[in-house]
Amino acid sequence: MTVNAAAQHVHLHITLGTEILVEISDLNLRTKGTLIGMENSSYLIIKLSNHDLIGNFRSDAVKESPVIIRYLYKGSVYGFKSSILNIISVPSKLFFITYPTKIEGVNVRTSPRYECILPAHAKLNENLVETVIVDISRQGCRCVIKTNAVDNVAALYESIDINRQIEVKIQLPSIEDKISVKGAVRNINKDEDRVVFGILFDEIKAEAQKRLDSFIALIADIGH
845 MTVNAAAQHV HLHITLGTEI LVEISDLNLR TKGTLIGMEN SSYLIIKLSN
895 HDLIGNFRSD AVKESPVIIR YLYKGSVYGF KSSILNIISV PSKLFFITYP
945 TKIEGVNVRT SPRYECILPA HAKLNENLVE TVIVDISRQG CRCVIKTNAV
995 DNVAALYESI DINRQIEVKI QLPSIEDKIS VKGAVRNINK DEDRVVFGIL
1045 FDEIKAEAQK RLDSFIALIA DIGH
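Just add 844 to the spot in the sequence shown (first one is 1) and you have the working numbering.
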């Protein structure tokens, strides 16, 4: 395989387990996948969901079509053009795609996010699952769930998906009752011992927003 020399100088802002949107340009198709591997400056490996149907997966039309890759990393949306090097359907649906020569990014955060450690519960399929919020802003937060504390990890993976609506009950310091926020999952990273997912808030009651703002103001002052 010939490696494009320009690709060697591109820093790819991405981690294994990142959820990825794959657009198959000529066929006007979009499908979701997960980055499971890469060879720097050579290729990336994207695993598609076994439940994701995109027609004839190994057809020449799919293999020969250019693709556009988009993903979210630390509050910014990144994208690049690529092409398919190879397709594997067994034991999993895998795309091997060319390493990008150019990355474009857009910052999607409009308010600062602060690191924290807040106990919380996420409501997943009517079940409350223990989680920890590791950073937060007025617009969203990032949650971590330890998989060793979950009875059914497969069910956990199925219940967290991009754009899925999730309610999170957050325990703020010096407040007896948890505040409740709702939002949509915007990014997910999964590995063997934890699931990390980011939420963009879209529903917060006025009193909960007031308490959240007070907490953010407090940690913002400490940070400075």
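Think of the CB as a built atom: it goes at the ideal place given N, C-alpha and C, for glycine as much as any other residue.
Residue environment, residue i, which counts as buried when at least 16 other CB atoms sit within 10 Å
i, result
"I989", "buried"
"V866", "buried"
"S926", "buried"
"V1012", "buried"
"S935", "Per the sequence presented here, residue 935 reads as Pro, with Ser not at that position. It counts as exposed."
"G881", "exposed"
"I864", "buried"
"N1031", "buried"
"A1052", "buried"
"N1033", "buried"
Any non-hydrogen atom of the ligand GTP within 6 Å of residue i CB
i, result
"G877", "The ligand content of the structure shown is nil, which means the ligand GTP is not present either."
Alpha-carbon spacing of residue i relative to residue j, whole angstroms
i, j, result
"I994", "F1045", "A small correction: the amino acid at residue 994 is Val; Ile does not occupy that position in the sequence shown. Roughly 25 Å between the two C-alpha positions."
"V976", "I1043", "13 Å"
"Y887", "V1040", "25 Å"
"I932", "I889", "10 Å"
"H840", "G984", "The structure shown does not extend to residue 840, since the chain is modelled only from 845 to 1068, so the question has no answer here."
"A1050", "T991", "33 Å"
"I1060", "A905", "50 Å"
"D1057", "S1018", "14 Å"
"E970", "T945", "44 Å"
"Y1001", "D1021", "28 Å"
"I1014", "R982", "13 Å"
"N884", "I947", "14 Å"
"E1047", "L1016", "18 Å"
Whether residue i touches residue j by CB criterion (7 Å)
i, j, result
"Y917", "I858", "yes"
"L871", "S920", "no"
"T875", "K891", "no"
"S1003", "L968", "yes"
Presumed contact (8 Å Cβ cut-off) between residue i and residue j, rounded CB distance
i, j, result
"I1023", "R986", "Incorrect: roughly 17 Å between the Cβ atoms, too far for contact."
"D1035", "G861", "5 Å"
"I928", "S869", "The pair is not a contact, with the Cβ atoms about 11 Å apart (cut-off 8 Å)."
"V1029", "R1008", "5 Å"
"I1063", "Y958", "5 Å"
>> Tell me whether the stretch 958-969 and the stretch 927-941 touch, counting them as touching only if at least three CB pairs, one residue from each stretch, are closer than 8 Å.
In response: no
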